[in-house]
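Q: Residue numbers (our numbering): 4 to 342.
The beta-carbon is built from N, C-alpha and C at its ideal position, and this holds for glycine as well.
(1) Hey, is the stretch 30-47 in contact with the stretch 122-138, meaning 3+ C-beta pairs nearer than 8 angstroms?
(2) Among residues of its own chain, excluding the 5 on either side of residue 230, which ones have a beta-carbon nearer than 8 angstroms to its beta-carbon?
(3) Determine, using beta-carbon pairs with one atom in the stretch 316-328 and one in the stretch 248-257, whether at least three such pairs fall under 8 angstroms.
(4) Rounded to the nearest angstrom, how far is the Cβ of residue 21 from that of residue 144, given a contact under 8 angstroms?
(5) Within this structure, are the beta carbons of residue 173 and residue 310 separated by less than 9 angstroms?
(6) Could you work out which residue in 94, 85, 90, 42 is closest to residue 55 when comparing CA atoms only?
(7) Which whole-angstrom value is the C-beta distance of residue 134 and residue 175, which I expect to be below 8 angstroms?
(8) Counting pairs of beta carbons, one from the stretch 264-271 and one from the stretch 154-171, are three or more of them closer than 8 angstroms?
(9) For residue 330 and residue 218, I'd like the C-alpha separation in whole angstroms.
(10) Quick one, which of 179, 223, 225, 216 has its alpha-carbon nearest residue 343's?
(11) Could you tell me how far apart the beta carbons of residue 44 and residue 8 are, in whole angstroms, since I believe they sit closer than 8 angstroms?
(12) For the alpha helix (DSSP H) that contains residue 339, what are its first and last residues?
(13) Sort 308, 237, 222 by Cα distance to residue 290 and report the nearest one.
(14) How long is the line joining the alpha carbons of residue 187 and residue 318, rounded to whole angstroms?
(15) For residue 228, collect the residues of the same chain with a Cβ closer than 8 angstroms to its Cβ; drop the 5 residues on either side in sequence, then sort them by chain order.
(16) Taking residue 120 as part of the beta strand (DSSP E), name the residues at either end of that continuous run.
(17) Within 10 Å of its beta-carbon, does residue 11 have 16 or more other beta-carbons around it, so buried, or fewer, so exposed?
(18) Applying the 10 Å Cβ sphere with the 16-neighbour rule, what's the burial state of residue 69?
(19) Buried or exposed: where does residue 341 fall if 16 or more other Cβ atoms within 10 Å of its Cβ makes it buried?
(20) Would you list, in sequence order, the uninterrupted alpha helix (DSSP H) runs of no fewer than 4 residues that lie entirely inside the stretch 95-181?
(21) Using only the alpha-carbon positions, how far apart do residue 51 and residue 247 sit?
(22) Report the CB separation of residue 42 from residue 15 in whole angstroms; it is logged as a contact under 8 angstroms.
(23) Less than 9 angstroms between the C-beta atoms of residue 207 and residue 116, yes or no?
(24) Report the rounded CA-to-CA distance for residue 100 versus residue 48, giving the unit in angstroms.
(25) Comparing alpha-carbon positions, which option in 19, 233, 285, 90 lies nearest residue 131?
(26) Cutting at 6 angstroms between CB atoms, please list the residues of its own chain near residue 146, excluding the five before and the five after it.
(27) May I have the straight-line CA-CA distance separating residue 83 from residue 196, to the nearest angstrom?
(28) Among 297, 225, 308, 114, which has the Cα closest to the Cα of residue 191?
(29) Need the endpoints of the alpha helix (DSSP H) that residue 74 sits in, please.
(30) Under a three-way DSSP split, which group does residue 88 fall into?
(31) Is the distance from the Cβ of residue 312 to the Cβ of residue 193 below 9 angstroms?
(32) Of all the options 337, 210, 18, 177, which has the alpha carbon lying nearest to the alpha carbon of residue 46?
(33) For residue 338, collect the residues of the same chain with a Cβ closer than 8 angstroms to its Cβ; drop the 5 residues on either side in sequence, then sort them by chain order.
(34) Taking the beta carbon of residue 181 as the centre, do at least 16 other beta carbons fall within 10 Å, making it buried, or is it exposed?
(35) Helix, strand or coil for residue 42? Go by DSSP, reduced to three states.
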């Protein structure tokens, strides 16, 4: 039997498209050919919903989230929509479920599948290519990103989570414990021996410093955890946040650092950081003494990216980004230890 995960990406994508076609029947949609948007962790398709409006169908990777965790993610999206925050809406299946379990021949495991409303706008950018050239007002866009991030954090601080709510944690163990959420980054093949020793020293220091920082309620809670450029749209008037697949419990600083960490050392990173902080402070307090801790979370974010390229080394994105991410992690680690 052919190993599904060793198939070329385009062949895997076609098999997942076949699963998406079957899944659409659960939403009462027929005669719709799903359009592949991306196949990374999840396979994401543009489709027509039963009401003839465009929608997004997500075929989730196997084993990343339990059914309870996915149900919790979608419950948060519904709560954010109820607050008027610009995120996709959950489209229930014909059976009234927020997601369905679907299996087809050619895909080795049953998959969780959900449908979300299509959101207007253009991506702010991509991990691979950087800022979208169509974004002319960098300050305005990233100030709006900061305001929206603050609104998310304000909402989670007061939202009474359902009693069965469960998500993973981007806490000390999730970032620098023995088994971090995105993988044992210090074992990345892209690292040389000297770089490995540097990362090990920095990892130990981050563990100590996160312990000392603690989890103050005003700075720790439910976060998006993946506010990179791919996951934000701009429609000319507002920023919209997508893809809550990695949401969980963590520090607000970690959420914010995700926006600019990959651009460390560039003029763009400084502009993004200043604008995000300015926008955030319009909606939520962020004292200078708290902002001074940001390098700790930037390094933690870089470690997570290093784990990502390590554990997904079979993907084109990870292969392309690995040298750059390794250099970023080592640069931030050396600066952090020196400071």
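A: Walking through what the data contain:
(1) Inter-segment contact for the stretch 30-47 and the stretch 122-138 is absent: fewer than three beta-carbon pairs are separated by less than 8 angstroms.
(2) Excluding its 5 nearest sequence neighbours in each direction, residue 230 has C-beta neighbours in its own chain below 8 angstroms: 148, 152, 244, 258, 259, 261, 262, listed in chain order.
(3) Not touching, per the Cβ criterion.
(4) 38 angstroms between Cβ atoms; not a contact.
(5) For the 9 angstroms CB-CB criterion, residue 173 and residue 310 do not form a contact.
(6) Checked all of 94, 85, 90, 42; the closest Cα to residue 55 is 94.
(7) With a Cβ gap of about 32 angstroms, residue 134 and residue 175 do not count as contacting.
(8) Look at the beta carbons and you see the stretch 264-271 not touching the stretch 154-171: under three pairs across the two are nearer than 8 angstroms.
(9) Distance between the alpha carbons of residue 330 and residue 218: 29 angstroms.
(10) Look at the range of the chain in this structure, 4 to 342, and you will see that residue 343 is not part of it.
(11) Between the beta-carbon of residue 44 and that of residue 8 there is about 13 angstroms, and that puts the pair past the 8 angstroms contact cut.
(12) Note, residue 339: alpha helix (DSSP H), 319-341.
(13) For residue 290, the nearest C-alpha among the options comes from 222.
(14) Straight-line measurement puts the Cα of residue 318 at about 17 angstroms from the Cα of residue 187.
(15) Around residue 228, the same chain offers 173, 249, 250, 251, 253, 257, 258, 261 as residues with beta carbons nearer than 8 angstroms, after the five sequence neighbours per side are excluded.
(16) Residue 120 -> beta strand (DSSP E) spans 114-120.
(17) Its Cβ having fewer than 16 others within 10 Å, residue 11 is exposed.
(18) Counting the other CB atoms within 10 Å of its CB gives residue 69 a total below 16, which places it among the exposed residues.
(19) So residue 341 ends up on the exposed side.
(20) Listed in chain order, they are 141-161, 175-179.
(21) Roughly 21 angstroms between the two C-alpha positions.
(22) Contact holds; Cβ gap of about 7 angstroms.
(23) Annotated as distal: residue 207 and residue 116, with beta-carbon spacing of 9 angstroms or more.
(24) Using only the alpha carbons, I get a separation of about 19 angstroms.
(25) When each option's Cα is compared against that of residue 131, the closest is 233.
(26) Once the five neighbours on either side are set aside, the close Cβ partners of residue 146 are 278, 281, 282.
(27) Between residue 83 and residue 196, the C-alpha separation is close to 46 angstroms.
(28) Here the closest residue by C-alpha is 308.
(29) Under the DSSP assignment, residue 74 falls in the alpha helix (DSSP H) whose first and last residues are 70-85.
(30) For residue 88, the secondary structure class from DSSP, reduced to helix, strand or coil, is coil.
(31) The answer is yes: Cβ separation under 9 angstroms.
(32) Ranking 337, 210, 18, 177 by Cα distance to residue 46 puts 18 first.
(33) If you ignore the 5 residues before and after residue 338, its C-beta comes within less than 8 angstroms of the C-beta of 298, all in its own chain and listed in chain order.
(34) By the neighbour-count criterion, in which 16 or more other beta carbons inside 10 Å mark a residue as buried, residue 181 falls on the exposed side.
(35) Judged by DSSP in its simplified three-state form, residue 42 adopts strand.
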